[in-house]
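Heads up, the thing below is written out as structure tokens.
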Amino acid sequence: MAEKKFNPLDINGPNFSPNLYLDKLFKECTLRQIMDHENEVIKDTQTLHSDMQTLVYENYNKFISATDTIKKMKNDFKKMETEMDLLASNMSSITSFSDQINSTLHDTREKISKLSGVHTLLQRLQFLFKLPGTLKSRMEEKNYIQATQDYLHAQRVLQQYGDLPSFQGIKTDCESILKELKMELRKQFCNPNASAKELTESVDLLLQLNEPAKELCLEFLSCAEKRLSEQLVLLKDQSEQRDIIDFVDLGCTGFLSDLCLVVTSFYDMFINRVNSEDMENSEIFENFAAVELDSFVKLNMKNYFELVQCKVDSEQDVGDTSILVEALDRFYRRIETNTLCKDIDFANTATEIVINAGRKQCKAHLQILKMHFSDMLTKVRQSLTTPKLISQDDSSKNLSELLNSLIMTIVEKIKGVLQDLVLSQTDELFQINPKQNVALTNENEINSNMQESAQELLNYYVRIQGLNCSQMLRKSVETRDWLHTIEPRTVRAVMKRVVEDISAIDTTVVLLYEDQGTTTEHSSDSSRKTHSISVSRHQYKSNWSSYTPNHLDSTLVSNMHKLFSERIEIFSTVEFNKVSILTGIIKISLKTFMECVRLKTFSKYGLQQIQVDTHYLQLYLWRFVADENLVHFLLDEILGSAVHRCLEPVLMEPSVVDIICERG
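The sequence shown begins at 88 in the working numbering and counts up one residue at a time.
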């Protein structure tokens with residue numbers, strides 16, 4: 088690579104030396120070879136010159152626009168440079184003025200700072216003198232939070248200067264108002280009707296006023312104990328009037344909910360409070376509070392479990408046990424979900440209550456079965472001992488009937504006892520999921536799935552219809568001998584069939600989507616536009632016909648043409664309208680046609696037949712697509728591919744092509 092890069096004899100290299108190249112040529116070649124080489128160089132030069140002219144001509148407007156843009160950028164940069172110089176001068180002026188102002192106001196600044204400090208001190212003194220009146224007004228408004236904040240704001244000053252004669256009266260008045268504030272907060276703290284927010288607020292304010300946390304903790308649990316005891320008494324009074332399901336619901340929604348609220352509030356007010364100033368004492372208090380809370384919860388849960396056990400014992404009858412089972416299930420589920428204490432699992436106690444109830448039910452049913460069996464045996468004994476005037480056969484028959492009756496009654500009784508167990512095991516045996524655990528599908532998910540399915544179905548329809556048309560075009564290209572074809576006199580039948588099929592698809596699709604696609608304005612003289620395209624292509628391709636295929640290098644022109652063209656997605660997503668569907672089918676068909684043409688070699692008449700076919704398609708397909716330029720581009724690519732694959736690229740006159748297509 089390095090030798091080729093720095094080779095002075097490489098005519099395409101950057102280090103090419105004409106003198107050395109000519110010397111080598113004169114030494115190694117004959118005169119005939121030198122003249123042939125000269126002709127090749129002249130032809131290559133003419134070709135490159137022609138290509139360069141074509142490139143410049145096609146991009147002439149872009150070169151002019153780029154030149155204008157560069158001129159405009161130069162003018163803008165000159166203006167910007169002037170403005171930046173002006174900005175720099177203004178910044179220097181501002182800096183000098185700022186230095187002058189600072190030097191002038193230096194002494195005044197110190198005086199202002201002193202006056203500001205004096206003003207702040209006077210404001211604090213004024214706040215202190217007005218503090219008793221402010222606290223009284225806050226108390227009258229029952230705005231305990233603001234009253235506490237005002238006192239805490241002045242507490243440090245009062246403690247430091249409260250012994251001075253001028254501040255003793257203020258301190259005394261504030262302390263008396265503070266005692267009244269603490270009393271009001273304790274009343275609110277012990278109010279049984281107070282909400283959790285009010286309790287938390289009261290405890291928080293009392294703790295800010297340096298009330299002992301242990302005392303508040305015990306007092307809070309004492310007040311909560313009174314409220315919970317009242318609820319247990321009310322629950323006990325209503326236990327005889329309500330069935331066991333209502334009793335369990337009342338206990339869960341009343342007692343257990345309030346107990347959970349008390350525990351949560353206790354954690355928020357006492358245990359979860361972080362005191363960064365005294366971490367050691369804070370940990371000691373948290374341990375103390377946790378122990379007190381555990382004992383409080385254990386005591387109340389013990390009383391509640393005893394009350395539930397009494398109610399369950401009173402419901403131990405031998406009737407329908409489904410109500411008892413449902414009540415115990417609700418009770419256990421609620422206890423299992425409540426984590427009142429981290430170290431205590433109340434679910435075990437609830438399980439013991441349920442198991443004891445089950446054992447008592449089993450004992451009761453067993454006792455009933457024993458009594459029933461005893462009664463049946465007594466009846467059989469009486470039947471056997473009663474004297475009857477019957478034959479021996481009748482006696483054996485009656486004895487068999489009595490035995491069967493005894494067995495059947497016992498079996499039916501056992502079935503009745505075990506029916507609840509069988510029903511309870513049905514869901515587990517047959518793996519039936521409860522309906523409440525089944526989640527409905529979200530509406531958005533349904534819409535999304537339907538949209539995706541519709542899009543896939545529409546894409547599949549377009550692909551299938553496009554492949555059907557492509558199959559006809561592919562067979563028409565592959566089965567024809569393009570090197571020995573005759574001069575075209577008509578449009579091939581397959582092109583007419585393709586247009587007819589696409590028209591039929593248009594008729595079918597319009598029944599569902601109607602004419603709701605957005606199409607660009609089609610030129611009224613579309614056929615004239617088609618002619619101009621063919622003429623322009625003929626004009627620049629007519630130069631190619633003067634060269635032999637070995638000397639023809641049209642790849643550069645084709646690549647430059649593609650460089651400034653937008654890329655066309657053949658298998659793009661289809662929209663839900665008629666125009667998009669037909670556009671997708673036509674793109675697939677024409678793309679297949681183009682790829683098949685690229686694999687064939689054409690004679691002059693074969694090329695002209697392709698020219699006639701593409702012109703016919705261009706006349707009829709533009710009305711089905713959103714942008715007729717798309718059809719023009721693909722058909723031009725097909726014709727260009729045929730020209731590249733032609734041994735004698737000579738196109739037919741546009742007027743002759745028009746006559747053939749109109750006649751076809």
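Note that CB positions come from ideal geometry on N, CA and C, so glycine has one too.
All of these numbers come straight from a predicted model, not from anything done at the bench.
Query raised in the report: Name the DSSP beta bridge partners of phenylalanine 689, please?
Result: Taking the first residue of the sequence shown as 1, we reach residue 689 at position 602. The partner list for phenylalanine 689 (beta bridge, DSSP) reads Cys733.
**Report entry** Which listed residue (Asn390, Tyr354, Lys385) has its alpha carbon closest to that of asparagine 374
**Finding:** Reading the sequence shown from its first residue, position 287 is the one you call residue 374. Per the Cα distances, Tyr354.
Query raised in the report: Considering only C-alpha positions, which residue in the set Leu505, Val498, Arg468 is nearest to leucine 489?
Result: By 1-based counting over the sequence shown, the position of residue 489 is 402. Checking every option, the nearest Cα to that of leucine 489 belongs to Arg468.
Requested in this report: Check each candidate in Glu532, His452, Gln538 and name the one with the smallest Cα separation from isoleucine 497.
Outcome: One-based indexing of the sequence shown puts residue 497 at position 410. Looking at Glu532, His452, Gln538, the one whose alpha-carbon comes closest to that of isoleucine 497 is His452.
Report task. Please work out which residues of its chain come closer than 7 Å, Cβ to Cβ, to phenylalanine 93, disregarding the five sequence neighbours upstream and downstream, and give them in chain order. Result -> Indexing the sequence shown from 1 puts residue 93 at position 6. Result list for phenylalanine 93: Asn102, in chain order.
Query raised in the report: Shortest alpha-carbon distance to phenylalanine 433 belongs to which of Ala444, Leu296, Ile98, Leu386?
Result: Taking the sequence shown and counting its residues from 1, the one referred to as residue 433 is at position 346. Selected option, being the one with the closest Cα: Leu386.
Query raised in the report: So methionine 681 packs on glutamate 724, CB below 8 Å; how close in whole Å?
Result: In the sequence shown, residue 681 corresponds to position 594, counting from 1. In the sequence shown, residue 724 corresponds to position 637, counting from 1. Rounded, the Cβ-Cβ distance is 5 Å, consistent with contact.
Report task. In angstroms with no decimal places, state the Cα-to-Cα distance between serine 659 and histidine 731. Result -> To locate residue 659, count along the sequence shown from 1; it is residue 572. To locate residue 731, count along the sequence shown from 1; it is residue 644. About 28 Å.
Report task. Would you check if the distance between the CB atom of cysteine 339 and the CB atom of arginine 421 is smaller than 9 Å? Result -> Here residue 339 corresponds to residue number 252 of the sequence shown, with the count starting at 1. Here residue 421 corresponds to residue number 334 of the sequence shown, with the count starting at 1. Result yes, Cβ atoms of cysteine 339 and arginine 421 sit closer than 9 Å.
Requested in this report: With DSSP as the reference, label threonine 566 as helix, strand or coil.
Outcome: For the purposes of this step, residue 566 is taken as the residue at position 479 of the sequence shown. Correct three-state label for threonine 566: coil.
**Report entry** CB of threonine 679 within 9 Å of CB of serine 557, strictly
**Finding:** Counting from 1 along the sequence shown, the entry for residue 679 is found at position 592. Counting from 1 along the sequence shown, the entry for residue 557 is found at position 470. Yes, the pair counts as a contact, with Cβ atoms nearer than the cut-off.
Query - Proximity below 9 Å, CB of valine 585 to CB of leucine 554 - result: Numbered from 1 along the sequence shown, position 498 holds the residue referred to as residue 585. Numbered from 1 along the sequence shown, position 467 holds the residue referred to as residue 554. Against a cut-off of 9 Å, the Cβ pair of leucine 554 and valine 585 comes out as no contact.
Query - Closest by C-alpha distance to serine 742, when choosing among Glu715, Asp714, Val699, Ile371 - result: On the sequence shown, position 655 is the one that residue 742 refers to. Taking only the C-alpha atoms, the option nearest serine 742 is Val699.
Requested in this report: Go ahead and pull the three-state DSSP assignment for aspartate 291.
Outcome: The sequence position of residue 291 within the sequence shown is 204, counting from 1. Three-state result, aspartate 291: helix.
Query raised in the report: Does the stretch 305-315 come within contact of the stretch 327-335, defined as at least 3 CB pairs closer than 8 Å?
Result: no
Query raised in the report: So which of Asp237, Leu493, Glu262 has the shortest CA-CA distance to phenylalanine 460?
Result: Taking the sequence shown and counting its residues from 1, one reaches residue 460 at position 373. When each option's Cα is compared against that of phenylalanine 460, the closest is Leu493.
Query - histidine 702 - DSSP class collapsed to helix/strand/coil - result: If you number the sequence shown from 1, residue 702 lands on position 615. Helix at histidine 702.
Report task. May I ask you to report which of helix, strand or coil DSSP gives histidine 124? Result -> As a position in the sequence shown, residue 124 is number 37, starting the count at 1. Note: histidine 124 maps to helix in three-state DSSP.
Report task. Please report the residue range of the alpha helix (DSSP H) in which isoleucine 657 lies. Result -> The residue labelled residue 657 in the question sits at position 570 within the sequence shown. Where isoleucine 657 is concerned, there is no enclosing alpha helix (DSSP H), given that its DSSP letter is neither H nor E.
**Report entry** Neighbourhood of phenylalanine 372 by C-beta, 6 Å cutoff - its chain only, sequence neighbours within 5 removed
**Finding:** Residue numbering aside, residue 372 sits at position 285 when the sequence shown is read from its first letter. Only Ala300 meet the Cβ criterion.
**Report entry** Alpha-carbon to alpha-carbon, isoleucine 442 and glutamate 267
**Finding:** Along the sequence shown, one-based indexing puts residue 267 at 180. Along the sequence shown, one-based indexing puts residue 442 at 355. If you take the alpha carbons of glutamate 267 and isoleucine 442, they lie about 55 Å apart.
Query raised in the report: Ends of the alpha helix (DSSP H) at glutamate 713?
Result: Here residue 713 refers to the residue found at position 626 when the sequence shown is read from its first residue. One detail in the question is off: residue 713 reads as alanine in this sequence, not glutamate. No alpha helix (DSSP H) contains alanine 713, which DSSP labels as neither H nor E.
Query raised in the report: If you drop the 5 nearest sequence neighbours on each side, which residues of the same chain put their C-beta closer than 6 Å to that of asparagine 546?
Result: As a position in the sequence shown, residue 546 is number 459, starting the count at 1. Once the five neighbours on either side are set aside, the close Cβ partners of asparagine 546 are Val661.
Query raised in the report: Skipping 5 residues on each side, what residues in its chain have a beta carbon closer than 8 Å to that of isoleucine 573?
Result: For this step, residue 573 is matched to residue 486 along the sequence shown. Contacts found: Tyr692.
Query raised in the report: Mapping DSSP to helix, strand and coil, what is glycine 204?
Result: Your numbering for residue 204 matches position 117 in the sequence shown. The answer is helix: DSSP assigns glycine 204 an H, G or I state.
Requested in this report: Could you check what DSSP says for glycine 727 in three-state terms: helix, strand or coil?
Outcome: On the sequence shown, residue 727 is found 640 positions in, with the first residue counted as 1. In this structure, glycine 727 counts as helix in the three-state DSSP scheme.
Query raised in the report: What is the rounded straight-line gap between the Cα of glutamate 306 and the Cα of leucine 380?
Result: Working through the sequence shown from its first residue, we reach residue 306 at position 219. Working through the sequence shown from its first residue, we reach residue 380 at position 293. Roughly 12 Å between the two C-alpha positions.
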